[in-house]
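Order-wise, the sequence lines are chains C, A, X and R.
So the first sequence is residues -8 to 244, counted in this note's numbering.
So the second sequence is residues 866 to 1254, counted in this note's numbering.
So the third sequence is residues 8 to 436, counted in this note's numbering.
So the fourth sequence is residues 846 to 1391, counted in this note's numbering.
Don't be surprised by glycine CBs; every beta carbon is placed ideally from N, CA and C.
What follows is a set of notes on a single structure, which appears directly below.
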Amino acid sequence: MNTISETRQKSLLYLENVSVSFDGFKALNSLSFVVEPGELRAIIGPNGAGKTTMMDIITGKTRPDTGTVLFEDAIDLTKKDEADIAQLGIGRKFQKPTVFESHTVWDNLELALNRSRGVFATLFYTLSPEDKARIEEILETIRMTHRKNEYAANLSHGQKQWLEIGMLLAQEPKLLLVDEPVAGMTDAETAETAVLLKEIAKTRSVVVVEHDMGFIRELGVKVTCLAEGSVLAEGSIDFVSNDPKVIENYLGR
Amino acid sequence: MISGFVFRALEGRIVAAVGILLGIGILVPALNLLTPPDSALHIPTYAMSLFGKYLCYALLALALDLVWGYCGILSLGHGAFFALGGYAMGMYLMRQIGPRGVYGNPILPDFMVFLNYKELPWFWHGFDWFVFAMAMVIVVPGLLAFIFGWFAFRSRVNGVYLSIITQAMTYALLLAFFRNDMGFGGNNGLTDFKDILGFSVQADGTRAVLFFMSALMLSLCLILASAIVRSKFGKVLVGVRDAESRVRFLGFRVENIKLFTFVVSAMMAGIAGALFVPQVGIINPGEFAPANSIEVVVWTAVGGRGTLIGPIIGAILVNGGKSFFTGAFPEIWLFALGGLFIAVTLFLPKGIVGTIQHGFKARKALKAAADAEKGRGDAAAVAQAQAAE
Amino acid sequence: MTFKSKLGGALLAAVMSTTALQGAFAADDTIKIGVLHSLSGTMAISETTLKDVMLMLIAEQNKKGGVLGKKLEAVVVDPASDWPLFAEKARQLISKDKVAAVFGCWTSSSRKSVLPVFEELNSILFYPVQYEGEESSRNIFYTGAAPNQQAIPAVDYLAKEEGVKRWVLAGTDYVYPQTTNKILKAYLMSKGVAESDIMINYTPFGHSDWQTIVSDIKKFGSAGKKTAVVSTINGDANVPFYKELGNQGIKAEDIPVVAFSVGEEELAGLDTKPLVGHLAAWNYFQSVDADVNAEFIKEWKAFTKNDKRVTNDPMEAAYIGFNAWVKAVEAAGTTNTDAVLDSIIGVSVPNLSGGTSTVMPNHHITKPVLIGEIQADGQFDIVQETAPVVGDEWSDYLPDSKNLISDWRKPMSCGNFNVASGKCGGKGS
Amino acid sequence: MTSKVPFRVLQSLGLLLCLMFSFAAPSHAQSSVGTDPKPLFDQLAKADFAEAEKLIGQLAATGDARLVPALNAFSEGDLYFRKSDSLVFIGKVAGSSYELTDPVTGASAGQAAKNAVTKIKINNSLRRVIRSAMGGLTLMSPDRGVRLQAADAVLRSPSAENLELLETAISKETDGEVKARMVEARAVSLLSSDRSIDEKRAAIQTIKNYGGRNAIGILMGASASLDPSLKGDVDAAIASIESGQRLWDVGQNVWYGVSLGSVLLLAAIGLAITFGVMGIINMAHGEMVMLGAYSTFVVQQVIRDHAPGLFDWSLAIALPVAFLVTGAVGLVIERGVIRFLYGRPLETLLATWGVSLILQQTIRSLFGPTNQEVGNPSWMSGSFPVGGMTITWNRMWIIAFSLSIFVALLVVMKKSSFGLNMRAVTQNRRMASSMGIRTPWVDAFTFALGSGIAGIAGVALSQIDNVSPNLGQSYIIDSFMVVVFGGVGNLWGTLVGALSLGVLNKFLEPSVGAVLGKILVLVLIILFIQKRPRGLFALKGRAVEA
């Protein structure tokens, strides 16, 4: 085993003893969790296990009561807000697909591009050829070139999920947090999503929260199981799904 | 870069609207001044100053639409910015009276004389200078909006909470300006203006110029609003309205985006107020009344929020209707007005212009958007309910 | 249809709707009278009654054959308690409907809002409500009371008849109470009342929680000197104020309250039994014992078809103003503004308290001051009536206005002549 | 709790008894005993206020208890003189004429046409003198209540002339409370007499023990005319009373605050349902309150016309009426307008604003724009002291009333099956409807419930405020402030919010005035919302933002 400090130094994201409670309910209870650069990680756990709360804490939406949250071993995320964290290179996809429905697919991606985001910079922004190329590249990746002028409101559920992933790519994050990407997708879409995520994980770290065990198996990566706000088990999918505690808490139900 | 910003604004509809506005701005005063009173084409001064007032209201509605229609901030306090701009102009006009007040005091306005003020309060200094006063017309509302927005957006006050505290803001200002001790003339406000830049405010020529200025400022603000809305910033703005957290997680500073828009909008409202005052001849705390601000929301909704032309049409239509009904059916006009609000929300939820625009878009788009709206609505209801526990 | 033409059409429609009435020029056989009172909004509560009075007076006059052989026609508009709308409506009445004179306004703000319009378009406004003074316009006639026709006699009465030594000046925080209280304070101090014996208190419009203030008044009143409250509390706030007084057991015998804005109409919304003995000062009460008053009350009840409707002071002021206008028009033989402005000065018409009121050169009128005590039936028992008093537009008790006088007769024709400098103010130095 | 019984009833009852026993009452050894009072009365016909005051003094000095009814009639303004012979009579309206009775003997003197008699003028000073005179004359009434009234009257209008009467009365008095009051009255009267300094010193002590605001007034008033050697005693007594009063003043202020808070609570509690629970920005809420107040007015009108005896029950009858009327109106509004707007909260603002304009104008057309009189039943009039505080009955009932509405609503929400359905629907509409709950009707009745409660609040507010078409407008902003300050959707938040805003307002008011106080409260609300963007009682966590 590595020493704690070594783990920290090597980590991209490092959580230690993080706790938070809402009106007496402990959503996270001394949670510790590490993501290494270039890693694709899956997280499972029953409802209320603290998965979304953990993401809230990483992305600055919620402040932990106690604990350490570090990005690249140097940046204390508990001191930053959402916009800062996003600019540091942490992207997040919500459980419910959240895209700008009154904008076209193209505009959605244009907004997400990792460019200066100040008030005046955006006021006077004009689309440069490089930006145009980049957007087209992403459209290609998420297989939506033919729908680029469609309003996002008119996309199917699965397409919205993909568009959102595309927007995250446009953000060029170092770490991508993906919350239930395949909920509501057809089997074919699910399979394609798995391919897409694995492709993305080649260049950056990805954390996927998912209920769909089939999908997780398809990803074939290290799995962390959360329950009642702390880590129950961690390891390969087979290791975790055979853990008696996991079966009792999650799978068995 | 700047030229691109402006150029983008000049899209077909906006050009047409600006053309019409400027046309009215020149034609109406011309018909008023140049045709004999018995001519069929003559526009009486009465009608011109009335319409000038509507143009100011239209600008106010446009300002509100920028924050509400595009950014999703429902301000129930825009009347306050309008009134502050009006007061800044009123203070200039008061100082212009000079020794022609009833007491003949060269420095102090009449109301200060009979309330025993010995000297001009500090905040009245400088208002005898036109340029300073005009600067204050946008600085004061802008500053209030900046301070208010700085705190409110940073603390992430939103939705009805924000609406209610903007209402509290204008209500508090209403009470404050009512007080004689504030030095703004109490409930009587500022009135009995004589001239502006040396021209009598009552002269037809001055009224014509003020009318033209109203049309011009409305046009300029329309172009500015259009430039903002059509820039990338404008797209972010709509993003904030539709999915605030997504914008945040994309790395934008939502509070700055809101703050900028809120301040720009407050400044526009201030300009509207400043043009309003010399045309109606009075500014008093009644303009701060929360009901006035709610009415602005209604004009915007009637015309169509989230469109730039809509609020202008809404303000002119509702106020035109109000002028007509209060004269023609003084006993029952409130029924008509109340009925209109209900009818618009039920049958034209996107307002007049919004509904027309939608006619152009694909039918499918309409349906999908409605579904999405419904989905969001349910989510909101769930949130409400959970909060209710 | 392009968007452009639609937009144009909408704008045109808006213009049309506002100018639709434009064509309705006065028919030659009628004289139009403008009635400018709020029928909706916060002021409707007071002003609607005055609209009805004007309609009644005009109907009565038409029964008598109208004026100059022509029938009168009322043009009623609703300025909706909205001050800028007052100016707009005044402009509409004068330039579009071509009315000969306008009767209207209640609050000072509304009068201030329309004043420039009347001066610019040279028309006549009759303003029927008591106000703070400090104004005299060539085009406005003030038939309500100036402070010296209401406040000062009331204070005199309390000092003399009730031996009051300590004064609470309570008012709503706006210009009328502020000015009246300034005048009263100067007046009381000129009569030797110490500053420590005067308490001034202001409350917001529509104030409804009077617990603290009533108990403060009680405290102030327990200094062993006879105490009275002079109330310039605005209409709506009075009901809760009196209710609290009654409930906290402040009886008129202990601390009397004299009010300048409480008349029969306000009391009609109130159980007056606990208020018996509190006072009001007006120029008219419904209980005035005069034949002309009995006749007026009868007509009013018949006109409104309501036996319970009461009459009040602003109604009398409207009555005087209307009759003075009729007489002046008949004397001038025309409704032309300048001719009427000349002929109306010096016109005397009967008032409802059995005497006559004369229009003075300062555009105010002479009226007796009546002090009344509230009775259990909501009426006033008149305890004092003075000889007619001339309304004083520029108070003698304010340092900056004591040198001003107003005289609209030629050759002076000035609303603010400074007797010290010998100059007419407002026309430059 | 004498103040609960209407003063006038008690008085006339006592007077009747006085009359019956007047011959048995002992006469006093005073100079003017034996003077015929009738000519004194007749002189009133031509007297001005000052002369009338002297005449009343002389009448009082006769000690003749038969005069009480006439004096009482005088203070009520029922004394007239006949124009033909200037003789004075008590007059009672009988049709178009007056029924005249002799002021001394009470014998009938026939009728007189209304214009044949003139009312003798009366004003506050005279009423004060009469009160004192009647106090003196009824001190020895056989009725305990009358004696207490008499002692009170003398206490409030002290006069040295009543001193001997008081002393006689004290010596005969058996009732403890009445005696105590008389002793106080004697002490007060003694200060203005020519008794010895020692006696006065003792009197000052008595007054000091009596305490209260009035005592300070009495002492301050008397101190100018007292012997300089007593000044120290007076100052010490005043200081001691004031220090005792200080704590009570704080208590009084809290009471005022709680009572203002209860009014805010009443105004806001209906909104806590329609806005807080249902999410409708209900601008017509104020008009529901107004409708409730008008229902009270109508109920009282009907009672006045058909069953005057039930007047004290009028509010109790008005409660269900107001609830049903406003509830029904609410039901119509929900079915007709609001149900199309669920999920578009900001648009409900516009539609309900329109509804509120229409409701206001409807009421204005039906009832006219002026205030309508809503009477206070006797049990809501007057006040009673608690230590150094004064508690008015109407405020106390309103506090009790608003708290009971709050509790009742809480019970309905948490315990009843309707409350369960309501919470289910607002939390998860689809789930609720799939479980067989008829969501449209639950929505409609929830809105009706909120409206009905606003109506009930209107019944209570009609007791302290104007009943006019503008009534609602004056509460709507405050109501929204309370709900938002407390936390939308939380009934407890509304309670705590209302009470704390009320108390805060009342503590600011004495130092900065009512106007600035109100402005400061608004500014504090704005600042508070920055600190806690979801109000006082907001849930934390992700549920709220889902």
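Selection from the options that minimises the alpha carbon distance to residue i
{"i": "MET322 (chain X)", "options": "X:VAL336, X:LEU122, X:GLU337, X:GLU306", "result": "X:GLU306"}
{"i": "ILE1301 (chain R)", "options": "R:MET1280, R:ALA1253, R:ARG1274, R:ALA1343", "result": "R:ALA1253"}
{"i": "PHE1114 (chain A)", "options": "C:THR(-2), C:PHE85, C:LEU31", "result": "C:PHE85"}
{"i": "LYS374 (chain X)", "options": "X:GLY328, X:PRO406, X:VAL171, X:ASP345", "result": "X:GLY328"}
{"i": "LEU801 (chain R)", "options": "R:ILE1118, R:ARG1001, R:GLN994, R:GLU1218", "result": "Outside the displayed span of chain R (846 to 1391) sits residue 801 (chain R), for which this structure offers no information."}
Nearest-angstrom Cα separation, counted from residue j out to residue i
{"i": "LYS964 (chain R)", "j": "GLY111 (chain X)", "result": "38 Å"}
{"i": "VAL1095 (chain R)", "j": "MET1234 (chain R)", "result": "9 Å"}
{"i": "THR1172 (chain A)", "j": "ALA1201 (chain A)", "result": "25 Å"}
{"i": "GLN0 (chain C)", "j": "GLY220 (chain C)", "result": "25 Å"}
{"i": "GLY1077 (chain R)", "j": "ARG1091 (chain R)", "result": "21 Å"}
{"i": "VAL1002 (chain A)", "j": "ILE1177 (chain A)", "result": "21 Å"}
{"i": "PRO91 (chain X)", "j": "PHE947 (chain A)", "result": "14 Å"}
{"i": "PRO273 (chain C)", "j": "LYS71 (chain C)", "result": "The structure shown does not extend to residue 273 (chain C), since chain C is modelled only from -8 through 244, so no value can be given for it."}
{"i": "THR1207 (chain R)", "j": "LEU924 (chain A)", "result": "33 Å"}
{"i": "GLY80 (chain C)", "j": "LEU159 (chain C)", "result": "10 Å"}
{"i": "SER1262 (chain R)", "j": "SER1140 (chain R)", "result": "29 Å"}
{"i": "THR1165 (chain A)", "j": "ALA928 (chain A)", "result": "10 Å"}
{"i": "THR57 (chain C)", "j": "PHE13 (chain C)", "result": "13 Å"}
{"i": "ASP1046 (chain A)", "j": "ARG118 (chain X)", "result": "21 Å"}
Close-in-space but distant-in-sequence residues of the same chain around residue i (CB under 7 Å, 5 per side omitted)
{"i": "PHE870 (chain A)", "result": "ALA1092, SER1096"}
{"i": "LEU1105 (chain R)", "result": "GLY1347, ASN1350, LYS1351"}
{"i": "TYR183 (chain X)", "result": "SER115, TYR138, GLU139, THR239"}
Same chain, Cβ closer than 8 Å to residue i, neighbours up to 5 away in sequence not counted
{"i": "ALA1196 (chain R)", "result": "VAL1182, ILE1183, LEU1186"}
{"i": "LEU898 (chain A)", "result": "ASP1069, GLY1070, ALA1073"}
{"i": "LYS17 (chain C)", "result": "SER10, VAL11, GLU219, GLY220"}
{"i": "TRP415 (chain X)", "result": "SER143, ARG145, LEU348, ILE352, PRO368, ASN369, HIS370, CYS421, GLY422"}
{"i": "PRO1378 (chain R)", "result": "none"}
{"i": "GLU1109 (chain A)", "result": "GLY937, ASN1023, VAL1119"}
Per DSSP, cross-strand counterpart(s) of residue i
{"i": "LEU79 (chain X)", "result": "X:ILE38"}
{"i": "PRO1230 (chain R)", "result": "R:THR1235"}
{"i": "VAL265 (chain X)", "result": "X:VAL237, X:LEU286"}
{"i": "GLU225 (chain C)", "result": "C:THR215"}
Three-way DSSP call (helix, strand, coil) for residue i in this model
{"i": "CYS1086 (chain A)", "result": "helix"}
{"i": "VAL1033 (chain R)", "result": "helix"}
{"i": "TYR138 (chain X)", "result": "coil"}
{"i": "LYS308 (chain X)", "result": "helix"}
{"i": "ALA1341 (chain R)", "result": "Correcting the residue identity first, residue 1341 (chain R) is Val in this sequence and not Ala. Correct three-state label for VAL1341 (chain R): helix."}
Contact set for residue i: own chain, Cβ-Cβ below 6 Å, skip 5 residues either direction
{"i": "ILE1083 (chain R)", "result": "ILE1061, LEU1064"}
{"i": "THR181 (chain C)", "result": "VAL173, PHE206"}
{"i": "ALA1330 (chain A)", "result": "No answer is possible for residue 1330 (chain A): the residues shown for chain A start at 866 and end at 1254."}
{"i": "LYS78 (chain X)", "result": "THR37, ASN69"}
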